[in-house]
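Note sheet for the following structure.
Numbering (the numbering used here), first residue to last: 841 to 1215.
In structure tokens, the structure reads:
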């Protein structure tokens, strides 16, 4: 049956080529998913870092202007006017929690009306604020303190401090305020969570000095959020970051501090699950901007694509199988018809000599039954 062998050989070759194409297409799709996700993640981090820097710059300008105005106003009733000014700003800007002006010893001398100055801690003596207050005195830029979770607000608060200088350039005080990052960047905080099936992006900012998180998006569990903020990133995590960046990009974290554009790499997250990360350094505020996307989401996208490819493959090859089988059955039927025509007389329909020649080996043997032939 050479024809039968040939036609099914063609089908098997067609099947093997289809399987190879299916595997190659799945691999190509995986590379495409990783590439597109890396581009989107870097773009998101660039937007996030730009927004963070822009917002912090605005807060810095505001602190500096307010501080200079408060110090310059030494007339009678200046404290009451200052308090009204600060209250008006708080009413217009929902992202701010409160204002205060501290002297060089760390005592807050004037503030918005929602602050009870008698209960306010000394910024230079309190452990959580001492470092940022000291740096605000030493530096000419705004300094971000360690983020804390405010139970009354049920959310994060980032303390910001800016040294205030008089007309002669002498440091005379430190303007301080608290900002609510989710109010400051609401759209970015919701990014990746507006659609149930959208990419589960996470956005984070952490300090370069002590590796405490300053901000983290997409965490609804308040206890988990508080735990994340209150504890620094473990040293082994930073070392893992550094190793992953070195292995995949040929750079160190130290070199990334001079890198203006976000980089993308993959490493394990806090739970040991692989994720795609994008990092960029914010030199002015000495912080890292980070966006990440769990690798599980990428695998889900791949699985959906592979299922589609597989269903298409099965449909095509099922139809091809039916077509090849129909061809085979037709050829077998045609062959049987030809054999039948070759083995019988066209006019009488009786078996001819050709039939006897092929039947002889079956009939004439030791076990064969007796028979007679009539001509």
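Positions of the beta carbon are idealized from the N, C-alpha and C atoms, including for glycine. If you're wondering where the values come from, they're calculated on a predicted model, not measured in any experiment.
Item	Value
Of the listed residues 975, 1108 and 1172, nearest to residue 1079 (C-alpha basis)	1108
Close beta carbons around residue 912, own chain, < 7 Å, minus the five adjacent residues each side	none
Where residue 1021 falls, given that 16 or more other Cβ within 10 Å makes a residue buried	buried
Alpha-carbon spacing of residue 1089 relative to residue 999, whole angstroms	34 Å
CB contact flag (residue 885, residue 1115, <8 Å)	no
Selection from 882, 1143 and 977 that minimises the alpha carbon distance to residue 1042	882
Sequence-distant residues of its chain with Cβ nearer than 7 Å to residue 1093 (five each side left out)	1081, 1082 and 1085
Residue of 849, 995, 1161 and 975 minimising C-alpha distance to residue 1011	975
Three-state secondary structure assigned by DSSP to residue 1153	helix
N-terminal and C-terminal residue of the alpha helix (DSSP H) that residue 1084 is part of	1075–1089
Assigned exposure category for residue 940 - 16 Cβ within 10 Å defines buried	buried
Length-filtered (4 minimum) alpha helix (DSSP H) runs lying within the region 877–954	918–932
Inter-stretch contact (C-beta, 8 Å, three-pair minimum) for the region 1151–1162 and the region 858–868	yes
Residue 916 burial status per 10 Å Cβ neighbour count (16 or more: buried)	Summary for residue 916: the model assigns pLDDT 48, below 50, so the residue's position carries little reliability; its value from the coordinates is reported in the next sentence. Exposed: under 16 other Cβ atoms inside 10 Å.
Stretch pair the region 864–884 + the region 965–979: three plus CB contacts closer than 8 Å	no
contact_flag[the region 1040–1056, the region 981–989] where n(CB pairs < 8 Å) is 3 or more	yes
Distance CB(residue 896)-CB(residue 1121) smaller than 8 Å	no
Reduced DSSP category for residue 1131 - H, G, I as helix; E, B as strand; rest coil	strand
Own chain partners of residue 1237 with C-beta closer than 7 Å, once the 5 adjacent residues on each side are dropped	The structure shown has nothing for residue 1237, since the chain only spans 841 to 1215.
CB of residue 1069 within 8 Å of CB of residue 996, strictly	yes
Nearest candidate by alpha-carbon position, reference residue 944, set 899, 977, 868 and 1100	977
Limits of the unbroken beta strand (DSSP E) element including residue 1107	1103–1108
Rounded separation between residue 1217 and residue 1140 - CA only	Nothing in the structure corresponds to residue 1217, since the chain is present only between 841 and 1215.
Exposed unless 16 or more other CB atoms sit within 10 angstroms - verdict on residue 1170	exposed
Proximity winner among 938, 933 and 1123, relative to residue 923 (alpha-carbon distances)	938
C-alpha gap between residue 868 and residue 1142, whole angstroms	10 Å
Nearest candidate by alpha-carbon position, reference residue 1149, set 1047, 848, 846 and 866	866
Terminal residues of the alpha helix (DSSP H) in which residue 1118 lies	No alpha helix (DSSP H) holds residue 1118; the beta strand (DSSP E) holding it covers 1114–1122.
Helix, strand or coil at residue 1018 according to DSSP, with G and I counted as helix	strand
C-alpha distance - residue 918 paired with residue 909, whole-angstrom precision	10 Å
Min CB distance residue 1013 to chain C below 8 Å	This model lacks chain C altogether, as it is built from one protein chain only.
Per DSSP, cross-strand counterpart(s) of residue 1001	983 and 1016
Cβ-based burial, residue 853 [other Cβ within 10 Å; buried from 16]	exposed
Cα-Cα separation between residue 1075 and residue 907, rounded to whole angstroms	38 Å
Same chain, Cβ closer than 6 Å to residue 1097, five either side skipped, listed in chain order	1121
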